[in-house]
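For the sequence shown, the positions run 102 to 347 when this note's numbering is used. Ideal Cβ positions, reconstructed from N, Cα and C, are used throughout, including at glycine. Everything below concerns the one structure shown next.
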Amino acid sequence: MELAAYQPQKEWWWVVECSDYLRKQHPGTPRYAVIPISRLNQYRNIQCRVRYSTEAAANAAAIAAESGRESLLAWHIVWWPSSYRNEHPEKPRFEAVPENNIRDFWSLGAKTVWSGMSQPDAAREAARRSSLPEPWCVVPNEDARTNSQEPFTVKSYDGLSHSEKDNVRATCDSERAAWQAIPKLLEDDRQRSAAYEQQRREWAKTERRNESLRQAFRIAVMVGLIVVTVWLVVTFIRWFWVHPLF
């Protein structure tokens, strides 16, 4: 399954609150400004408040906040696990919730998948994600009690931790398809392990052969050195025998 369409857009515009220190250093700086997410690292002494999907919406919110007509309340997109949705069929997979109530949703099992959004953007993105097929992923089983017998397990993509997302072995359109993918992964791993073991044996055999050649070369060099040394000694003695000093 292709996860690219499952991700929100990459370009956002943040409404940020400029600190009193920054506004004193740069007179005329408004309390609320709009900065594209790609340039956030260029600024200091600002506090990110809410992100918007369009620059026009961000500018309108900044102007409204400056005049006191906008509170700049951030919204979260939360994901409800299948266990909760089974008990509450009316719940969508994703829901937009205000940040000031987020702990109440966390206590019920919801997980934040995106935060800091405006209410319209959060509602639109939650509805968009809920309309997409739920991705199910095969990941290594981290449960020490069962991973020796069951090296893989299946989880919803949105329920994965960051480390689990880095180790996804397969992504499928359904939970059943994900479980059915595990035998092939196990066979692939077995073949890969067997190929690696065969290659390791070949490496060891080649290394033993090279070591034998090196050993033979060392012996040949030692024999050669002995022969040369004996020849030099004999030549030296014969020269002195033919040309005595006294």
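Per-residue DSSP class, three states only, for residue i
| i | result |
| --- | --- |
| glutamine 108 | coil |
| tryptophan 207 | helix |
| proline 221 | helix |
| lysine 192 | coil |
| alanine 245 | coil |
| glutamate 171 | coil |
| glutamine 250 | coil |
| arginine 229 | helix |
| tyrosine 153 | strand |
| glutamate 118 | strand |
Residue i - containing beta strand (DSSP E), residue span
| i | result |
| --- | --- |
| glycine 217 | 212-218 |
| proline 137 | 133-137 |
| serine 257 | 253-257 |
| valine 179 | 176-180 |
| threonine 272 | 271-273 |
Between the CA atoms of residue j and residue i - distance to the nearest angstrom
| i | j | result |
| --- | --- | --- |
| glutamine 299 | lysine 266 | 31 angstroms |
| serine 262 | lysine 256 | 10 angstroms |
| tryptophan 113 | leucine 286 | 38 angstroms |
| arginine 310 | glutamate 243 | 42 angstroms |
| alanine 223 | threonine 254 | 31 angstroms |
| glycine 217 | arginine 150 | 7 angstroms |
| glutamine 148 | serine 184 | 37 angstroms |
| arginine 124 | asparagine 146 | 10 angstroms |
| valine 116 | glutamine 110 | 17 angstroms |
| glycine 129 | isoleucine 178 | 35 angstroms |
| tyrosine 144 | isoleucine 138 | 11 angstroms |
Same chain, Cβ closer than 7 angstroms to residue i, neighbours up to 5 away in sequence not counted
| i | result |
| --- | --- |
| asparagine 201 | Leu174 |
Residue span of the alpha helix (DSSP H) that contains residue i, given as start and end
| i | result |
| --- | --- |
| lysine 306 | 276-343 |
| alanine 157 | 156-167 |
| tyrosine 122 | 121-126 |
Contact check, residue i vs residue j, beta carbons under 8 angstroms
| i | j | result |
| --- | --- | --- |
| aspartate 259 | lysine 192 | no |
| alanine 166 | tyrosine 133 | yes |
| tryptophan 181 | arginine 194 | yes |
| proline 236 | tyrosine 107 | yes |
| alanine 227 | alanine 197 | yes |
| serine 208 | tryptophan 176 | no |
Close-in-space but distant-in-sequence residues of the same chain around residue i (CB under 6 angstroms, 5 per side omitted)
| i | result |
| --- | --- |
| serine 120 | Asn146 |
| serine 231 | Pro193, Arg194 and Phe195 |
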